[in-house]
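Numbering (the numbering used here), first residue to last: 260 to 506. From the three backbone atoms N, C-alpha and C, an ideal C-beta is built for every residue, glycine too.
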Ligand SMILES: *Cc1c(COP(=O)(O)O)cnc(C)c1O
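Right, dumping it as structure tokens:
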């Protein structure tokens with residue numbers, strides 16, 4: 260299948276899932292995840308209409324974004340970010356889906372103040388309960404959101420999660436529902452409540468379920484570009500990759 264055809268297929272599945280949930284399809288955006296995909300193949304996806312791209316690692320995303328300079332796209336950083344990579348991340352990304360600790364917020368704020376710009380951020384929550392996953396524990400979220408009010412350059416826009424890697428759809432949906440209820444609660448209670456619109460959840464194996472559970476952004480790579488050569492353990496800690504994501 261060509262990249263263009265696969266992209267259309269994913270978009271069609273996104274519309275169908277939104278329909279099933281009685282949601283307008285325009286409420287859900289595709290973040291096309293391009294890790295391990297060469298710039299020339301990404302260019303085919305852009306030609307087919309992709310506008311929002313995501314990378315998990317700065318050392319891959321920054322040169323790829325440079326190679327695709329001039330294309331009508333925006334880049335999101337979606338992977339675990341070390342504080343010493345903030346400067347390079349801001350060279351290419353216009354949003355961050357994986358804010359997961361105050362020390363990172365501090366490093367981001369310092370650099371953003373120097374640059375005189377802001378950054379849209381999503382807070383990553385560990386909904387699976389797996390010790391190996393990045394993200395805040397659900398109970399930590401309210402205090403974290405309060406602390407973020409001290410960082411003028413950071414614009415919290417919502418929450419992000421990785422569901423448990425399992426074929427058990429009940430468990431996957433439990434993660435999505437938990438993220439949604441945390442977002443809904445934060446909308447009511449958090450100082451930034453009104454701005455917390457986004458739910459970044461769902462990947463190639465589970466994005467239709469995520470949309471049914473309220474996702475506003477799905478992060479999809481392999482369903483468009485084909486299977487990745489690298490194992491997922493390269494992108495998040497070992498111990499949570501027992502089941503490969505369904506194709
Ligand atoms: C790679 C990645 C995805 C997309 O995974 P696919 O299986 O390619 O759809 C989503 N979120 C994060 C954080 C990723 O690193």
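- Exclusion of the five residues before and after residue 406 leaves 361 as the residues of its chain whose Cβ lies within less than 7 Å of its Cβ.
- Note that the C-beta distance between residue 431 and residue 269 is not below 9 Å.
- With contacts defined by Cβ atoms closer than 9 Å, residue 276 and residue 466 form a contacting pair.
- Taking 4 residues as the shortest admissible run, the region 431 to 468 contains no complete alpha helix (DSSP H) segment at all.
- Spatial neighbours of residue 283 in its own chain (CB-CB distance under 8 Å, excluding positions within 5 residues in sequence) are listed in chain order as 277.
- For the options 394, 368 and 370, the alpha carbon positioned closest to that of residue 358 is the one of 394.
- Beyond the five residues adjoining it in sequence on each side, residue 396 comes within less than 7 Å, by CB distance, of 385 in the same chain, given in chain order.
- Per DSSP, the beta-bridge partners of residue 354 are 335 and 379.
- In the structure shown, the three-state DSSP call for residue 329 is coil.
- Looking only at 473, 398 and 348, the smallest Cα-Cα distance to residue 374 is reached by 348.
- No Cβ-Cβ contact shorter than 9 Å links residue 459 with residue 425.
- For the set 274, 289, 492 and 265, the Cα lying nearest the Cα of residue 391 is the one of 492.
- The region 287 to 315 is shown to contain whole beta strand (DSSP E) runs of 3 or more residues at 288 to 292 and 311 to 314, in chain order.
- When secondary structure is reduced to three states using DSSP, residue 260 falls in the coil class, being assigned neither helix nor strand.
- A straight-line Cα-Cα distance of about 6 Å links residue 478 and residue 291.
- Beta-bridge pairing by DSSP links residue 417 to 381 and 457.
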